[in-house]
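A.B. asks: Below you will find the structure I want to go over with you.
There are 2 protein chains.
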Amino acid sequence: MSRFTPLDQNHIEPHMCSLDLRLYILGQLPFFKNLSKDQILEINKKFVDRGYLSGDMIYAEGSAAERLYVMADGSVKLIQTSPQGKEVLLDVLTTGDFFGGLFPTSNDIYRESAYAQTPVCVISIENSEFRKILQNYPQVALSVMDIISERLRDSQSFIRLISTATAEQRVAYTLVKLSEKLGEKSDVGLLIQLPLSREDIANMSALTTETVSRIISKFQKQTLIKTGRKWVAIRNVEGLKNILSQFMP
Amino acid sequence: MSRFTPLDQNHIEPHMCSLDLRLYILGQLPFFKNLSKDQILEINKKFVDRGYLSGDMIYAEGSAAERLYVMADGSVKLIQTSPQGKEVLLDVLTTGDFFGGLFPTSNDIYRESAYAQTPVCVISIENSEFRKILQNYPQVALSVMDIISERLRDSQSFIRLISTATAEQRVAYTLVKLSEKLGEKSDVGLLIQLPLSREDIANMSALTTETVSRIISKFQKQTLIKTGRKWVAIRNVEGLKNILSQFMP
DNA sequence: GTAATTAATTGATCTATATCATGGATAGGA
DNA sequence: TCCTATCCATGATATAGATCAATTAATTAC
C-alpha cells in the first residue's frame, strides 16, 4: 500500500473521454474560446479521442507528424533523446495544452517523443483538418500564433537560463515554473500535481540526477520545499524566486 | 587600410531604403509571397523604413514592444543580457527576416535587444497594423504561424544542444548553422557573410571567448575552417557535421 | 509479509570548461 | 607610418558539476 503521497491519484480512465468532456475541453481551448457552440460541435467531429496508460508512448521522435493533440486529462511529457541516450525534457503538458504536429506539410516529422506520465486522455485531429479549421476561422489562427510565439519566448528565456545560470538557479527556475503551472495548495505547501522524479527535474534543468538530488536536499534543509518520492511541494515561493532574482529581471 | 577581410564591405547606406527595395523585400517575404502586387502596395503604406549604423541599437530589451521589423539589408543581432552582464546571442538576422514585436497586446515588452551588426536598413510596422493585416489575410497568418513554429523547433533543438553537447560540438553547430544561412562561396571556402567575432560565436554557443578561441584554433589546424579577425570560412562542412553527428540525427 | 525493483541520498573523485593573466596581431585613425 | 583600440591566442589555475560507487529508503510484485 502507498505509505504516503500527497498527489491526487484518482486519474481519469481511458474510457472517460466522453463527448461532454471533449466538448468542454475544446470549448475551453484559448483558441476556440470565441467560437459558437455550433462551431465547436462541428470542429469536434474532426477530433478523435484516445486514452493512454502511464508510461505509454503517444508518438515517437522521428515518425511522421500527422496529428495535433490536445490534452483532455492527465499529464504528458515531451522528450528529446540524444543518440547517446541523454534525455531532455522539453515540456510537461496538462489539461488544455496542445502538442504534436502543427506543420505546413504532411511529410514533416515529430521532433520529440510524447509519453503519458499519468493515465491520460487526449483528443487529436489530423494535421490537414486542423489547417482547414485555421483557414476557416482566422481568429483561431491568430490565437494559435500567439500561443506559439509565447512558447518561443519561454524557450528563449530558458536558453538564457541554461547558458548563464548555476545549477541551483536552474532547479529553482524549474520548480517555480512547474508550480505556476501545476501548483495546488495542500497541507504540505504548494504541491506540484505531477509524479515528478529527481530525474525528471534533472532532464528539465539540464543537470544530472545526483546534482538535482543534492540541491533538492539543500532546499529542503532551508525549508524552501518539502519533497518525497516523486513529488515536490513549495513551501516558500519567494525564497526560490530570490535565488533566481540575479538573472531574472 | 584594410589589410585583409574577405567579407563584402559595400553595405547599403541608410537612405537607400528606396520604395523599390521596400516593395521587393515585402514581396519576397514568405508570408506575403502569394499576395497580389496591389495588396503589397497597400500593405507597404503601413510600413516605414529606417537606416541604422553599425552598432546602433534598434530597440532595447524591456521597452514597449510596439513594432514589427523586417530586414531589408545588412545584419542585426538579437541579444539577451543578464543582470550580471552576460550576453546571449539569440539570433542573427539578414535580408527578409522579421523580428521584434508580434504580440497580442500592445502593452507587451521586447524580450531581447536588437543591434545593427552592419549598416542596415529595416522596415517596420506598428504592431496593431500588422495584426489587422493578419486578420484580413488569413493565409498570411498561417505562414507567420509556420515560421514561428519552425523557430520554436530550432530553439528546442538548441536547448538539446547546450544541454548535452561538448564545447566543440556547440561551436561546430553554430558554424554549420551560420554557414547554411549566410554562407557564400569564396576563394577561402564557404564564407560566413557577417562580421563575426570570437565573442559572438561564444555568445551563440553558451561558451566563453577563450574556449571558442581554442576550439577555432584547433579547427583551423584540422583545416576544417579558415578564419581571421571577425570572419570565418568553412573549408570542410562534412568534417564539421561529423563532429555533430553523435547527437544530431 | 517478504523479496525484488526502483528511486533517492550521499561521498569521493575526476574533468571540461571557466577564470585569470599576458603577449601578440590586426585595424583604423591621426 | 606610427599609435591606440580591439581582437585574438594561449598558458596556468580553479571549480562547478559530472561521473563513479555504495547505501538507504520507498514501492511493487509475489
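Respectively, the protein sequence lines represent chains A and B.
As numbered in numbering that gives the first Met the number 0, residues 0 to 248 make up the first sequence, in order.
As numbered in numbering that gives the first Met the number 0, residues 0 to 248 make up the second sequence, in order.
Glycine included, each C-beta is placed from N, C-alpha and C at the ideal position.
1) With glutamate 86(A) as the anchor, note down where its beta strand (DSSP E) starts and where it stops.
2) Alpha carbon to alpha carbon, how far is threonine 165(A) from arginine 159(A)? Give it in angstroms, no decimals.
3) Helix, strand or coil for aspartate 19(A)? Go by DSSP, reduced to three states.
4) For phenylalanine 218(B), which residues in the same chain have their Cβ closer than 6 Å to its Cβ, ignoring the five residues on either side in sequence?
5) Taking alanine 59(B) as the reference, which of Asn43(B), Asp19(B), Lys76(B) has the closest Cα?
6) Relative to the alpha-carbon of serine 196(B), which residue among Leu181(B), Gly227(B), Asp186(B), Ala205(B) has its alpha-carbon at the smallest distance?
7) Should asparagine 126(A) go down as buried or exposed, given a rule of 16 or more other Cβ atoms within 10 Å for buried?
8) Considering only the alpha carbon of each residue, which of Asn33(B), Gly50(B), Gln245(B) lies closest to proline 118(B)?
9) Whose C-beta lies closer than 7 Å to the C-beta of arginine 2(A) among residues of the same chain, with five residues either side of it excluded?
10) Please state whether DSSP places valine 69(A) in a helix, a strand or coil.
11) Consult DSSP for threonine 80(B) and reduce its assignment to one of helix, strand or coil.
12) Taking all protein chains shown into account, do 16 or more other C-beta atoms lie within 10 angstroms of the C-beta of leucine 189(B), making it buried, or fewer, making it exposed?
13) Please look up how many angstroms separate the CB atoms of leucine 239(B) and valine 175(B), rounded, as I've assumed it's under 8 Å.
14) For the alpha helix (DSSP H) that valine 175(B) lies in, which residues bound it at each end?
15) DSSP state of aspartate 96(B), grouped into three classes?
16) Kindly provide the ranges of any beta strand (DSSP E) runs that are 3 or more residues long and lie completely inside the segment 187 to 221 of chain B, ordered along the chain.
17) Between aspartate 107(B) and glycine 100(B), how many whole angstroms is the CB-CB distance? I'm expecting something under 8 Å.
18) Report the CB separation of alanine 71(A) from leucine 40(A) in whole angstroms; it is logged as a contact under 8 Å.
19) Where DSSP assigns a beta bridge to aspartate 48(B), which residues make up the other side?
20) Establish whether the CB of valine 87(B) and some CB of chain A are separated by less than 8 Å.
21) Can you name the start and end residues of the alpha helix (DSSP H) that isoleucine 140(B) belongs to?
22) Relative to the C-alpha of methionine 203(A), which candidate in Glu149(B), Arg110(B), Ser162(B) has its C-alpha closest?
23) Could one say the Cβ of leucine 239(B) lies closer than 8 Å to chain A's Cβ atoms, at least one of them?
24) For a quick check, are the C-beta atoms of glycine 182(A) and isoleucine 132(A) less than 8 Å apart?
25) Tell me the rounded alpha-carbon separation between valine 236(A) and proline 82(A).
26) If contacts are defined as beta-carbon pairs under 8 Å, then proline 29(B) and serine 142(B) qualify, I think. What distance do you get, rounded to the angstrom?
27) Name, going along the chain, the residues of the segment 116 to 147 of chain A whose beta-carbon falls closer than 9 Å to a beta-carbon of chain B.
28) Just to confirm, are valine 139(B) and phenylalanine 31(B) a CB contact at a threshold of 8 Å?
29) Mapping DSSP to helix, strand and coil, what is glycine 26(B)?
30) Could you tell me which of Gly26(B), Glu111(B), Thr207(B) sits nearest to valine 170(B), measuring between CA atoms?
31) Under 8 Å between the Cβ atoms of glycine 61(A) and tyrosine 109(A)?
C.D. replies: Well, looking at it:
1) By one-based count along the first sequence, residue 86(A) stands at place 87. Where glutamate 86(A) is concerned, the enclosing beta strand (DSSP E) stretches over 86 to 92.
2) One-based indexing of the first sequence puts residue 159(A) at position 160. One-based indexing of the first sequence puts residue 165(A) at position 166. Arginine 159(A) and threonine 165(A): Cα-Cα distance of roughly 11 Å.
3) Position 20 of the first sequence, counting from 1, holds the residue named residue 19(A). Three-state result, aspartate 19(A): helix.
4) Along the second sequence, read from residue 1 onward, the residue named residue 218(B) stands at position 219. If we look at phenylalanine 218(B) and ignore the five residues flanking it on each side, its Cβ neighbours are Ile224.
5) Counting from one through the second sequence, the residue named residue 59(B) turns up at place 60. Cα-wise, what sits closest to alanine 59(B) is Lys76(B).
6) Here residue 196(B) is taken as the residue at index 197 of the second sequence, counted from 1. If we check each option's Cα against that of serine 196(B), Gly227(B) comes out closest.
7) Taking the first residue of the first sequence as 1, we reach residue 126(A) at position 127. The residue in question, asparagine 126(A), is buried, as its Cβ has 16 or more Cβ neighbours within 10 Å.
8) Your numbering for residue 118(B) matches position 119 in the second sequence. That would be Gly50(B), whose Cα lies nearest to the Cα of proline 118(B).
9) One-based indexing of the first sequence puts residue 2(A) at position 3. At arginine 2(A) the pLDDT is 49, less than 50, meaning the model places this residue with poor confidence and gives no usable figure here.
10) Mapped onto the first sequence, residue 69(A) falls at position 70. It is a strand residue.
11) The residue labelled residue 80(B) in the question sits at position 81 within the second sequence. If DSSP states are grouped into helix, strand and coil, threonine 80(B) belongs with the strands.
12) Within the second sequence, numbered from 1, the residue matching residue 189(B) stands at position 190. Label assigned to leucine 189(B): buried.
13) Position 240 of the second sequence, counting from 1, holds the residue named residue 239(B). Position 176 of the second sequence, counting from 1, holds the residue named residue 175(B). At roughly 5 Å, the Cβ-Cβ gap stays under 8 Å, so leucine 239(B) and valine 175(B) are in contact.
14) Position 176 of the second sequence, counted from the first residue, corresponds to residue 175(B). Valine 175(B) -> alpha helix (DSSP H) spans 166 to 181.
15) Here the question's residue 96(B) lines up with position 97 in the second sequence. Three-state DSSP puts aspartate 96(B) in coil, outside helix and strand.
16) 188 to 191
17) As a first step, residue 107(B) is located in the second sequence; it is residue number 108 there, counting from the start. As a first step, residue 100(B) is located in the second sequence; it is residue number 101 there, counting from the start. Between glycine 100(B) and aspartate 107(B) the Cβ distance is about 7 Å, and since that is below 8 Å, they are a contact.
18) Here residue 71(A) corresponds to residue number 72 of the first sequence, with the count starting at 1. Here residue 40(A) corresponds to residue number 41 of the first sequence, with the count starting at 1. The Cβ separation is near 17 Å, so there is no contact.
19) Position 49 of the second sequence, counting from 1, holds the residue named residue 48(B). Ile122(B).
20) Position 88 of the second sequence, counted from the start, is the residue given in the question as residue 87(B). Chain A contact via Cβ: present.
21) As a working note, residue 140(B) is residue 141 in the second sequence. Correcting the residue identity first, residue 140(B) is alanine in this sequence and not isoleucine. Counting along the chain, the alpha helix (DSSP H) containing alanine 140(B) begins and ends at 137 to 163.
22) The sequence position of residue 203(A) within the first sequence is 204, counting from 1. Answer by Cα proximity: Ser162(B).
23) What you label residue 239(B) is simply residue 240 of the second sequence in a count that begins at 1. Not an interface residue.
24) As a first step, residue 182(A) is located in the first sequence; it is residue number 183 there, counting from the start. As a first step, residue 132(A) is located in the first sequence; it is residue number 133 there, counting from the start. Contact: no.
25) As a position in the first sequence, residue 236(A) is number 237, starting the count at 1. As a position in the first sequence, residue 82(A) is number 83, starting the count at 1. Valine 236(A) and proline 82(A): Cα-Cα distance of roughly 37 Å.
26) Within the second sequence, the letter at position 30 stands for residue 29(B). Within the second sequence, the letter at position 143 stands for residue 142(B). Contact holds; Cβ gap of about 6 Å.
27) Arg130, Leu133, Gln134, Asn135, Tyr136, Pro137, Gln138, Ala140, Leu141, Ser142, Val143, Met144, Asp145, Ile147
28) Walking along the second sequence from the start, residue 139(B) turns up at place 140. Walking along the second sequence from the start, residue 31(B) turns up at place 32. Yes, the pair counts as a contact, with Cβ atoms nearer than the cut-off.
29) Stepping through the second sequence from its first residue, residue 26(B) is reached at position 27. Residue state, collapsed to three classes: helix.
30) As a working mapping, residue 170(B) is identified with position 171 in the second sequence. Cα-wise, what sits closest to valine 170(B) is Thr207(B).
31) Your numbering for residue 61(A) matches position 62 in the first sequence. Your numbering for residue 109(A) matches position 110 in the first sequence. Against a cut-off of 8 Å, the Cβ pair of tyrosine 109(A) and glycine 61(A) comes out as a contact.
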